[in-house]
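Protein sequence lines, in the order shown, are assigned to chains H and S. Note that this note's numbering numbers the first sequence so that position 358 is 358, with each residue one more than the last. Note that this note's numbering numbers the second sequence so that position 88 is 1088, with each residue one more than the last. Virtual Cβ for every residue (Gly too), placed ideally from N, Cα, C. Notes follow the structure.
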Amino acid sequence: MQLDFHYYATYCAAYLAGYSHEESMDICYSAQFVDMCSGTLLKKIRGPVEAATTQLQAELMDARTDYLGLMNITRIWSSFHFLPKDLNANVKGSRRYQNKYRLICGPNGALLSETIETAKGKGLEAAGIAMHILADTWAHQYFAGTPSYVINNTDYHFYEIVGQGDDCEVRRIRFSHNPKLVDDPVKGIYVNSVSSGGENNVMCLGHGKAGHLPDYSFARYKYLPAWGNYQEITKDNPSDYMHAFCQMIYALRYLKGDFDAFERDTYDTERVAPYREEIEAILERRQLSALSDWKEFGERLSGSEIEDFDIRKYQKEYLDAPKGEKDQTYLGRFIRAAIAQKTMVSNSISASGNRLAGLGLEVKHRDKD
Amino acid sequence: MTKTRRITNVLIGIIMLLFGFSMAIEAEQVYKILVVFLGVTLCISGIRSMVYYISMARHMVGGISILYRSVIVFDIGLFTLSIANIPLIFVVLYLAGIHGFSGFIDIMRAVEGKRMQAHWKLSLSQGIINIVIAILCLVFLKTTWVAMLFYGTGLMYSGVVRIIQAFRRTAVVYIQ
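This is how it looks when you write it as structure tokens:
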């Protein structure tokens, strides 16, 4: 998912959930900041590097893929972008294979409930982080947040479904490895990561081999996932994104105190109902970014201007705050919430007997300090 | 490509340059070391791929190709080791064959790269030069020092290409 959904659509979901314009801005800023909070940025603002919620392209290119390096990558990407659906999934194979398979992302897993509970009562920044993770469980499902050739690879059997019903056209997707090229939905040409036979190569992290298709709300496609035992999967992004949107409203209402418990597989379709057709039209439009559509919809919804995302917005506040008061700043609260989420996911993966995210103790101890 | 991978490629390129230069000037002394080195490397690579197939890749779509590749590489490694003690002329014949095959694979990769709009010109030129060198080795088979001179030159060229490839940009989809 991109800025359009993580920032503008999250704003709309928060507003529909009953938050004010200012509160919705804080939530959607935090949701988008998950894609910005890299180790490099944290070093720049002199924050704790273990709070990183993403890795820049340059960081990934130089990331170590030895045991410790893989743990760091897995902690970040599994915690914030590819939340595992079932850490105890029953699958045949060696322990090494099982460990990778069990990190495959999907919606409505047990860790989603844990994520929402972790964010409960921790402020709007924590709510924003949880919304980013929730939305990504829909967009990034079927891929794992750890480098793995045997899980994340795709092959030539990859088709886009253009249109709906009897008039739909099924066409083979042409993937390009040219880093200078931009995706072309009209011709059906998309950029993906270069093929690599190395199991732990960063090229095989997440949905890199499927290009940006999971990030486009309009995309419908079918392919053979490497782990799927030759069973074809059809991914319907417009439907998945609508589920994500409705579930975000429900989860935000829970965080606001409208419900006593968070139930998985529950969606607030009532509050979406008056706008359903409009939202579906945005999701279905074949464009690389639905940014202006969501912005226009959100501003009409609240009657207030949604300012553009500015990565520097809260940096000065954090830098200028005295050492003991940094936790009271916006970024301070974001960092605390990010560390809590990373600790929870790392410890859950570790408790399942899977060491791919490390023991989870390092982050926990630092958090206590 | 990670930093480690780039450094590894540069080191392999330098080793190829050194072997190529040594072959070009002192074939009789160097060829046995080269053959043993090549054989051991191929055997280790084949075994590693087999272990990977058994532990992981047998569960993946298309994973059987990794098994085929591992068996072929291991077999070529064993064959390479078995020819370390035979006259130089047969070694030249074998190395020319390997060079020709490698050139063919490079051209195939270039064709695929062009189809995928990735880098292809360097692979194509490498493939053509590899095949030309293999042909020259066969033409001058009876004067082995000339053949080894060509072979050494080809190895040096491959080493340079490897080093150039280590510094090339590659496409990585940035996940958000």
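In the three-state reduction of the DSSP assignment, S:T1153 falls in the helix class. For H:V34, the three-state secondary structure derived from DSSP is coil.
Taking 7 Å as the cut-off, the Cβ atoms of H:F82 and H:T53 do not count as close. Under the 7 Å criterion on CB atoms, H:V345 is classed as non-interfacial with respect to chain S. As DSSP reads the structure, H:F158 sits in a beta bridge with H:Y223.
By alpha-carbon distance to H:Y7, the top candidate from H:G332, H:V272, H:M248, H:R253 is H:M248.
Residues H243, C246, Q247, Y250 of the same chain have their beta carbon placed closer than 7 Å to that of H:Y267, with the five preceding and five following residues left out of the count. In this structure, DSSP gives H:S352 a state outside helix and strand, which the three-state scheme calls coil. Taking 7 Å as the CB threshold, S:K1003 lines the interface with chain H.
Restricting attention to H:N354, H:S217, H:N229, the CA atom closest to the CA of S:H1059 is found in H:N229. Here H:W77 is near H:G145, since their CB atoms are less than 7 Å apart. Judged by DSSP secondary structure, H:S176 falls within the beta strand (DSSP E) whose first and last residues are 174 to 176.
The beta carbons of H:L111 and H:S30 sit about 19 Å from each other, so the pair does not count as a contact at 8 Å.
By the Cβ neighbour-count rule, H:P214 is buried, with 16 or more other Cβ atoms within 10 Å of its own. Residue pairing by DSSP places H:E270 in no beta bridge whatsoever. Flagged as an interface residue toward chain H: S:A1057, by a C-beta distance shorter than 7 Å. With distances taken between CA atoms, H:D66 lies nearest to S:R1005 out of S:I1047, S:G1063, S:R1005, S:V1139. Residue pairing by DSSP places H:V170 opposite H:I161 in a beta bridge. DSSP places H:T40 within a helical segment (H, G or I) once states are collapsed to three.
Residues of chain S with a Cβ closer than 7 Å to the Cβ of H:D184 do not exist, since the nearest Cβ in that chain sits about 11 Å away. By the criterion of a C-beta distance shorter than 6 Å, H:G208 is surrounded in its chain by S193, once the five residues flanking it on both sides are discounted. Judged by their CB atoms, S:N1130 and S:S1102 are nearer to each other than the 7 Å cut-off. Against S:V1071, chain H offers no close residue; the least beta-carbon distance is about 15 Å (beta-carbon pairs closer than 9 Å).
Using a 10 angstroms sphere on the CB of H:N88, the tally of other CB atoms stays under 16, which defines it as exposed. In this structure, the beta-carbon distance from H:V202 to H:L103 does not fall below 7 Å. H:S346 is positioned such that its CB atom lies no closer than 7 Å to that of H:A338.
Contact check for H:H212 and H:D183: beta-carbon distance about 6 Å, within the 8 Å limit, so the pair qualifies. Around the Cβ of S:V1051, a 10 Å sphere holds fewer than 16 other Cβ atoms; the residue is exposed.
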